[in-house]
Amino acid sequence: MSDWAGIAWLVVLLLANAFFVGAEFAVISARRSQIEPRAERGSRAAKVALYAMEHATLMLATCQLGITICSLLILNVSEPAIHHLLAAPLGLTGLNEAMVDVIAFVIALLLVSYLHVVIGEMVPKNLAFSLPDRAVLFLATPLVWVSKAFYPIIVALNWTANHAVRLFRVEPKDEAASTFTLEEVATIVSQSRREGVLDDAAGTVAAVVEFTDKKARDVAVPLGELVTLPETTTPSQIERAVAKHGYSRYVIVDAAGSPIGYVHLKDVLRAAENGDGQSRPIAAKRIHHMVPVMETTDLEDALALMRRAGRHLAQVRDEAGETTAVLFLEDIIEELIGEVQDATARRR
Numbered sequence: 003m004s005d006w007a008g009i010a011w012l013v014v015l016l017l018a019n020a021f022f023v024g025a026e027f028a029v030i031s032a033r034r035s036q037i038e039p040r041a042e043r044g045s046r047a048a049k050v051a052l053y054a055m056e057h058a059t060l061m062l063a064t065c066q067l068g069i070t071i072c073s074l075l076i077l078n079v080s081e082p083a084i085h086h087l088l089a090a091p092l093g094l095t096g097l098n099e100a101m102v103d104v105i106a107f108v109i110a111l112l113l114v115s116y117l118h119v120v121i122g123e124m125v126p127k128n129l130a131f132s133l134p135d136r137a138v139l140f141l142a143t144p145l146v147w148v149s150k151a152f153y154p155i156i157v158a159l160n161w162t163a164n165h166a167v168r169l170f171r172v173e174p175k176d177e178a179a180s181t182f183t184l185e186e187v188a189t190i191v192s193q194s195r196r197e198g199v200l201d202d203a204a205g206t207v208a209a210v211v212e213f214t215d216k217k218a219r220d221v222a223v224p225l226g227e228l229v230t231l232p233e234t235t236t237p238s239q240i241e242r243a244v245a246k247h248g249y250s251r252y253v254i255v256d257a258a259g260s261p262i263g264y265v266h267l268k269d270v271l272r273a274a275e276n277g278d279g280q281s282r283p284i285a286a287k288r289i290h291h292m293v294p295v296m297e298t299t300d301l302e303d304a305l306a307l308m309r310r311a312g313r314h315l316a317q318v319r320d321e322a323g324e325t326t327a328v329l330f331l332e333d334i335i336e337e338l339i340g341e342v343q344d345a346t347a348r349r350r
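In case it helps, the numbering used here puts the sequence shown at residues 3 to 350.
Here's what the structure looks like:
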């Protein structure tokens, strides 16, 4: 092989090494949330990228095999060519042949190592980290082709690596992590607010993160703090309660003081429309039952239960099954967006 052919192979091998390094970091860094919408719109590159992300260990084995082969060939092919090109000018210095060989070898080694690290490793790695979604769309297709071309070898290497990992009592994963934990999201929000890239003056984003971590007991109103009405209450008494307290919903309790449901101001209006007596106890059909939830129920799960049941109030029970508090839909919403004003509340 001529010296200039060796230089040409150096360029080709550096680009191949860069491809495998870039593809490796792109598959790990890309997020499904950014790729899936493109795949749903019919993008073939996005579909292949999702396949690569779902078979991450196989793709990483392909990249490592490619990087290893390229690294070994770079030195074997390029060093003799560069060494020979440097030997002629160094021979004119009058140095003996042994010294010329040593100097040419050191310069060739340093030059190849520099090009390998910078062009073949650092540049593609930084590009893949900076633009992971674009990188995986561009690099996933040829990477998958290579993996299929050398499939038996790559599967064997991947099988060996997975069994070696299991020796350390760690279960290998096929798919790269594509989601954030709650703690990671909270850290991202906090950091973004400090750096000024997230405008959350109302605290809505931070409230959403905290909301996910709360339980029903954290927001529910204890029974002793409730404004309640007896089950014998009349529409006229409800009207007076609305005028006095300004709430639109009231918990109805039995003779023992245990909640049995709730009534809404509109129930009084319906009673009047239907000709029900204002002095007679409100009809049982006007009393809405409350959704039962446990104190330890996640707040988001309690919200889902209330939405499915179409109820604005929920009974909060302890481990013994006793009702200890009442959870209001309004209070749950306030955890997300801030204070909500009852339409009938009196402004003080």
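We put the CB at the ideal spot given by N, CA and C, even for glycine.
Return the Cβ separation of N164 and T59 in integer angstroms, given the expectation that the two are a contact with Cβ distance under 8 Å.
7 Å
Residues bridged to T325 [DSSP beta-bridge criterion]
R319
Limits of the alpha helix (DSSP H) - the one that I37 falls within
R34 to E42
By how many angstroms is the C-alpha of G248 removed from the C-alpha of R348?
Note on R348: pLDDT 49, under 50, position unreliable in the model; the coordinate value appears next. Looking at the two C-alpha atoms, the distance is approximately 5 Å.
Under DSSP, the beta strand (DSSP E) around M292 begins and ends at which residues?
Element bounds for M292: n/a, residue is neither H nor E.
Taking the continuous beta strand (DSSP E) assigned at Y252, which residues delimit it?
R251 to V255
Going by DSSP in three states, V265 sits in which element: helix, strand or coil?
If DSSP states are grouped into helix, strand and coil, V265 belongs with the strands.
Residue nearest to A54 in terms of C-alpha spacing, selected from P144, D220, R219 and V244:
P144
Compare the Cα-Cα distances from A335 to each of V14, E241, A304 and S73 and report the closest residue.
As written in the sequence, residue 335 is Ile, which differs from the Ala given in the question. Nearest of V14, E241, A304 and S73 to I335, Cα basis: A304.
Closest to V255 by C-alpha separation, out of I284, L15, E332 and K246, would be which residue?
The residue with the shortest Cα to Cα distance from V255 is I284.
Start and end residues, alpha helix (DSSP H) containing T162:
Y153 to R168
Spatial neighbours of H290 within its chain, please: CB distance less than 6 Å, with the 5 preceding and 5 following residues excluded, ordered by chain position.
Counting only Cβ-Cβ distances below 6 Å, and skipping sequence neighbours, we find G263 and Y264.
What span of residues does the beta strand (DSSP E) with L231 cover, start to end?
T230 to P232
Boundaries (first-last residue) of the alpha helix (DSSP H) holding L112:
E99 to V119
Round the Cβ separation of D135 and Q66 to the nearest angstrom and send it over; I've been treating them as touching at under 8 Å.
Not a contact, Cβ separation roughly 23 Å.
Does the region 141-161 touch the region 14-27, meaning 3 or more C-beta pairs lie closer than 8 Å?
yes
Inter-residue spacing [alpha-carbon to alpha-carbon] between R350 and V244
Unreliable positioning characterises R350 in this predicted model, as indicated by a pLDDT of 38, which lies under 50. The coordinate reading is nonetheless provided below. Cα-Cα distance, rounded: 15 Å.
If we ignore side chains and look at the alpha-carbon of each, how far apart do L75 and A130 end up?
24 Å
Check whether the Cβ atoms of V328 and L169 lie closer than 8 Å to each other.
no
Could you tell me which residues DSSP pairs with D5 in its beta bridges?
BP columns for D5 are empty, so no partner.
List the residues that DSSP assigns as beta-bridge partners of K175.
Answer is none; K175 lacks a bridge partner.
Using a threshold of 8 Å, state whether the C-beta atoms of L231 and Y252 are closer than that.
yes
Suppose the cutoff is 7 Å on Cβ atoms and the five residues either side in sequence are ignored; what does the same chain contact list for L159 look like?
A63 and L67
Are the beta-carbon atoms of H118 and S73 separated by less than 8 Å?
yes
By how many angstroms is the C-alpha of M61 removed from the C-alpha of P174?
Taking the straight line joining both Cα atoms gives about 14 Å.
Other residues of its chain near T299: CB distance less than 7 Å, five sequence neighbours each side excluded
K217 and A218
P126, buried or exposed, once every other Cβ within 10 Å from all chains shown has been counted against 16:
buried
So A110 and I84 are supposed to be a Cβ contact under 8 Å. How far apart are they, rounded?
Indeed they touch by this definition, with Cβ atoms about 4 Å apart.
Cβ shell of A106 (< 7 Å), same chain only, five flanking positions each side left out
H85, L88, A89 and L92
Neighbour-count burial assignment, A286, 16 or more Cβ in a 10 Å radius
exposed
State the DSSP-derived secondary structure class of P389, mapped to helix, strand or coil.
With the chain running from 3 to 350 in the structure shown, residue 389 is simply not present.
For S80, which residues of its own chain have a beta-carbon under 8 Å away from its beta-carbon, when the five flanking residues on both sides are left out?
Beyond the five residues adjoining it in sequence on each side, S80 comes within less than 8 Å, by CB distance, of G8, I9, W11, L12, L15, A110 and V114 in the same chain, given in chain order.
At a cut-off of 7 Å, is L271 close to the ligand ZN when judged by its beta-carbon and the heavy atoms of the ligand?
By its list of ligands, the structure shown contains no ligand whatsoever, and the ligand ZN lies outside what it can speak to.
Apply the 10 Å Cβ neighbour rule to S260 and answer buried if 16 or more other Cβ atoms are within range, or exposed otherwise.
exposed
Beta-carbon proximity check, R319 vs E297, cutoff 8 Å
yes
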